[in-house]
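All remarks here apply to the structure that follows.
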Amino acid sequence: MTASAIAILLIFLTFLWSLIQRPRHRKPPGPWALPVIGNLHMLGNLPHRSLRDLAKKYGPIMSMRLCTKTTIVVSSPEAAELFLKSHDSIFASRPKVQSTDYLFYCTKDMAFSEYGPYWWHMRKLCTLQLLYPSKIETFAPLRREEVGLLVESLKKAVAEGQVVDLSEEVGELIEDITYRMVLGSKNDDTFDVKGIIEEMMLLLGAVNIGDYLPFLSPFDFQGLTKRMKRLSKTIDQLLEKIIGEHQEVSKSGQAHQGHHHKDFVDVMLSLMHQPLNPNDEQVYMIDRTNVKAILLDMISGAFDTSATAIVWTLAELLRHPRVMKHLQQEL
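Numbering-wise, the sequence shown is residues -18 to -1, 1 to 313 according to mature numbering (1 follows the signal peptide of the UniProt record, and there is no 0).
Laid out in structure tokens, this is it:
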């Protein structure tokens, strides 16, 4: 079969697939979709801005078709409240994509798992065992120590007239706090954890044609699947090293150097081989994969979300001196 014949066959199969997958119920207004690719071409290099411009024309609740996937775009605070608060349980699950399967152990974590019994029990476990107030409070001296080191370094930079990259400094602060809270030690530079998280976020946000045209995913035209497999192997090696070191320390009966309470890894390892639901020991036993998936949630969430929120907050304060002055007075 010639290349042109294969191309025609693929286009026909794509069109047929889109017809089969097309929903029969009414949808919100939206732009007219092309055959095969739908509205994918409208996203451009800055999808959030493209969607903003389209929402001005079609309204705060808009429908689009991205190849075979019908997508609803919400663009106003009122509409977002309807979806994320009033009817949150209906829209709680994230779409299944290749990146979460490869990078998050087939979504055995909490962030990307399907909304249902597993998610409920995993969320309860994290809330009661890892993120309860008194547990977080035990790390307060650690956080104060790291923030104090940052403040001293900034004072020194100001005294010497140096330019400070706040994004980098805040990123390093969050990195150090995360290592000590979650892993119980400082970064040993064996793995470039920051680089791993950055690559992971890039792959999670990439437009993967295999997610929209599933029958094309085996061909990996963009090379994304290859990168996901390579990164997932690196992530697993990192987490295995972390878990292995903690198990060795536990066996030897020694405390972590400079650390007198359990970190998140210790807590998760203490829960291994126990049921997520104490009332049903036959379902959802916590195994090594669950532990690694949750640890990856904790690390990636801290590195990306926390640092980004702090940097944007500082940027907005610098842009609005009146608000900064009011905040300084409150502090």
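No residue lacks a Cβ here, since even glycine has one placed at the ideal position from N, Cα and C. Note that this is a predicted model, so its numbers are computed, not measured.
Inset, instruction - Count the other C-beta atoms from every protein chain shown that fall within 10 angstroms of the C-beta of ILE276, then say buried if there are 16 or more, exposed otherwise. - result: Within the sequence shown, the letter at position 294 stands for residue 276. By the beta-carbon neighbour count (other beta carbons within 10 angstroms, threshold 16), ILE276 is buried.
Worksheet entry | First through last residue of the alpha helix (DSSP H) which encompasses THR82 | In the sequence shown, the residue the question calls residue 82 occupies position 100. Where THR82 is concerned, the enclosing alpha helix (DSSP H) stretches over 80 to 85.
- Message: Between the segment 171 to 180 and the segment 220 to 232, can you find at least three pairs of beta-carbon atoms closer than 8 Å?
- Response: By the Cβ test, the segment 220 to 232 is in contact with the segment 171 to 180, since at least three Cβ pairs between them sit closer than 8 Å.
Checklist entry - Would the segment 95 to 108 and the segment 185 to 203 be scored as touching if the rule is three or more Cβ pairs under 8 Å? => result By the Cβ rule, the segment 95 to 108 does not count as touching the segment 185 to 203, because fewer than three pairs are nearer than 8 Å.
Between VAL273 and MET254, which are expected to be in contact by the criterion C-beta below 8 Å, what is the C-beta distance as a whole number of angstroms? Counting from one through the sequence shown, the residue named residue 273 turns up at place 291. Counting from one through the sequence shown, the residue named residue 254 turns up at place 272. Indeed, because the Cβ distance is near 6 Å, the residues count as touching under 8 Å.
Three-state secondary structure assigned by DSSP to THR(-17): Locating residue -17 in the sequence shown gives position 2, counting from the first residue. Of the three classes helix, strand and coil, the one that applies to THR(-17) here is coil, per DSSP.
Could you tell me the alpha carbon to alpha carbon distance between ARG304 and LYS39, rounded to whole angstroms?
Indexing the sequence shown from 1 puts residue 304 at position 322. Indexing the sequence shown from 1 puts residue 39 at position 57. In this structure, the alpha-carbon of ARG304 lies about 35 Å from that of LYS39.
Per DSSP, residue 325 is paired with what?
-> Any question about residue 325 goes unanswered here, given that the chain covers just -18 to 313.
Quiz item: In whole angstroms, what is the alpha-carbon distance linking PRO11 and GLN144?
Solution: Indexing the sequence shown from 1 puts residue 11 at position 29. Indexing the sequence shown from 1 puts residue 144 at position 162. For PRO11 and GLN144, the distance between alpha carbons rounds to 53 Å.
- Just curious, the beta strand (DSSP E) that LYS51 is in, first and last residue? On the sequence shown, position 69 is the one that residue 51 refers to. For LYS51, the enclosing beta strand (DSSP E) covers residues 51 to 56.
Please state whether the Cβ-Cβ distance between LYS51 and TYR161 is less than 8 Å.
Indexing the sequence shown from 1 puts residue 51 at position 69. Indexing the sequence shown from 1 puts residue 161 at position 179. Not closer than 8 Å, so no.
Between the C-alpha atoms of LEU113 and LEU16, what's the straight-line distance to the nearest angstrom? Working through the sequence shown from its first residue, we reach residue 113 at position 131. Working through the sequence shown from its first residue, we reach residue 16 at position 34. Spanning the alpha carbons of LEU113 and LEU16 requires a straight line of approximately 47 Å.
Next on the checklist: With a threshold of 6 Å on Cβ separation, who are the neighbours of GLU119 within its own chain once the five nearest residues in sequence on each side are excluded?
Outcome noted: Taking the first residue of the sequence shown as 1, we reach residue 119 at position 137. So the list is empty, once near-sequence residues are dropped.
- Three-state secondary structure (DSSP) at PRO303? The residue you call residue 303 lines up with position 321 of the sequence shown. In the structure shown, PRO303 sits in a helix (DSSP, three-state: H, G or I).
*Could you spell out the range, first to last residue, of the alpha helix (DSSP H) harbouring TYR97?*
For the purposes of this step, residue 97 is taken as residue 115 along the sequence shown, with counting starting at 1. Where TYR97 is concerned, there is no enclosing alpha helix (DSSP H), given that its DSSP letter is neither H nor E.
* Enumerate, from N- to C-terminal direction, the unbroken beta strand (DSSP E) stretches of 3 or more residues contained entirely within the segment 154 to 208. => Within the segment 154 to 208, not a single complete beta strand (DSSP E) segment reaches 3 residues in length.
query: Hey, out of ASP245, ALA291 and GLN310, whose CA is closest to LEU148's CA?
result: Numbered from its first residue, the sequence shown carries residue 148 at position 166. Per the C-alpha coordinates, the member of ASP245, ALA291 and GLN310 positioned closest to LEU148 is ALA291.
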